[in-house]
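This note's numbering numbers the first residue of the sequence shown as 57 and each following residue consecutively. Some notes on the structure that comes next.
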Amino acid sequence: MEFSLFNLMTKPSDGSSHAEIFEQMRRMTMMVDDAGFDIAWFAEHHLSNYCISPSPLMTASHMAAQTKQIKVGPAVVVLPFYEPLRLAEDICLADQLSNGRLVLGVGTGYQPREFKKFGFEINDRLERGLEIWDVIQQGVYSGVINYQGEHIKIEDAALSIRPVQDQIRTFAVGNAPAMRQKMIDYAACPLTTPAIGPNTLIHTARGLYKETRAENGLQSEEFPFAVQRYVYVAENKDDALNAAEQVLIHARMASNMRQPEPAMNGADLKIISFDKEPSIDVILERAIIGSSEEVTERIVAEAQEFGITHLSIFMQIASIPFSKSLRSLEVFCDTVLPEVKRRLKASTDTLQAHTG
């Protein structure tokens, strides 16, 4: 199983500067680079303190220069917001600047306020987003764009820049049938984020993708499947409870951003409770929060239960003090990561011995 670090770069309403948030992201990314993580992901959101990284390809390119071996990429490029010809060029440039270490995450967005302020209809996001995905596939890999869609029309545009990689590995978010089919068409790995929902959401997402694979003649029970989880290695019970409270605060911010008119103070989201929000005890059951042993057990169990091939770890959550997130990540890298890899390898070796 692969491991990645997801960097959301939330700016808490506590006086933290933009520079401090980016420095925290840099330090955590450099730590996982040294620890042997596979990917560092950088979010894209707009017009709120939920995330202060509006350009994830720029952030990824910057962090490629700060790291040695880890792959870098956007999680995700919100496709409907982009002029696709420019996006294809930017992807090629990011792959060049990272010397072939770019990975790509794509999605179609979900926050109504972002669409309104950019002047796009949120109801068109899937169709427009998938057309833009078509365009960047054509432009990045053939070097020439000729495309006539409902939303996007480009004639005979030859790109002056090409990527380093013959194929840039791609992950995609979304459960719509058309999105799942496009994942198959472009060999993209599905990425699901249950957030504070039950694990049945992971099971459902994997099942839907498996059905789409079967419809395309792909019958294997094993296939790439990525999951993003809240993960926090706690020092003690109180630390775990505090982390769960911050997960709830993050969920409240996300819920607020899903509203047509979010409650805000300037660019800062107000922290507002939402209907049927889970208790702290339920969050502790759903998020991967606990001692290093408990976190290890949960990750191994979920990897085996759901066939997870890639785990994206979200650890710098809401207003958790950076010193605590950094300590949690350090323990994860030093203790949890090697033990999870050892157990999963042992399980695979045992299975192969019994079936071989």
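From the three backbone atoms N, C-alpha and C, an ideal C-beta is built for every residue, glycine too.
Helix, strand or coil at residue i [DSSP, three-state]
{"i": "residue 124", "result": "coil"}
{"i": "residue 321", "result": "strand"}
{"i": "residue 74", "result": "helix"}
{"i": "residue 139", "result": "coil"}
{"i": "residue 63", "result": "strand"}
{"i": "residue 160", "result": "strand"}
{"i": "residue 373", "result": "coil"}
{"i": "residue 265", "result": "helix"}
{"i": "residue 334", "result": "coil"}
{"i": "residue 132", "result": "coil"}
{"i": "residue 98", "result": "strand"}
{"i": "residue 355", "result": "helix"}
{"i": "residue 282", "result": "strand"}
{"i": "residue 368", "result": "strand"}
{"i": "residue 58", "result": "strand"}
{"i": "residue 345", "result": "strand"}
Residue burial classification, residue i (beta-carbon count within 10 angstroms, cutoff 16)
{"i": "residue 372", "result": "buried"}
{"i": "residue 284", "result": "buried"}
{"i": "residue 216", "result": "exposed"}
{"i": "residue 274", "result": "exposed"}
{"i": "residue 74", "result": "exposed"}
{"i": "residue 406", "result": "exposed"}
{"i": "residue 196", "result": "buried"}
{"i": "residue 294", "result": "exposed"}
{"i": "residue 200", "result": "exposed"}
Through-space distance from residue j to residue i, alpha-carbon basis
{"i": "residue 175", "j": "residue 80", "result": "33 angstroms"}
{"i": "residue 104", "j": "residue 206", "result": "31 angstroms"}
{"i": "residue 198", "j": "residue 297", "result": "51 angstroms"}
{"i": "residue 220", "j": "residue 113", "result": "15 angstroms"}
{"i": "residue 404", "j": "residue 361", "result": "13 angstroms"}
{"i": "residue 390", "j": "residue 91", "result": "8 angstroms"}
{"i": "residue 256", "j": "residue 354", "result": "15 angstroms"}
{"i": "residue 155", "j": "residue 368", "result": "23 angstroms"}
{"i": "residue 240", "j": "residue 122", "result": "33 angstroms"}
CA nearest to the CA of residue i, picked from the options
{"i": "residue 254", "options": "340, 305, 171", "result": "340"}
{"i": "residue 311", "options": "327, 247, 75, 300", "result": "327"}
{"i": "residue 65", "options": "370, 245, 239", "result": "370"}
{"i": "residue 252", "options": "301, 212, 158", "result": "301"}
{"i": "residue 165", "options": "337, 353, 235", "result": "235"}
{"i": "residue 159", "options": "83, 120, 359, 110", "result": "120"}
{"i": "residue 307", "options": "338, 98, 374", "result": "374"}
{"i": "residue 276", "options": "316, 262, 288, 286", "result": "262"}
{"i": "residue 161", "options": "382, 229, 126", "result": "229"}
{"i": "residue 366", "options": "385, 225, 270, 295", "result": "225"}
{"i": "residue 288", "options": "381, 279, 210, 244", "result": "381"}
Any C-beta of chain C under 8 angstroms from that of residue i
{"i": "residue 291", "result": "No chain C appears in this structure, which consists of one protein chain only."}
Jot down the residue ranges of each uninterrupted alpha helix (DSSP H) in the region 170-253, minimum 4 residues, whole runs only, in chain order.
Taking only runs of at least 4 residues, the alpha helix (DSSP H) segments lying wholly in the region 170-253 are 181-198, 233-241.
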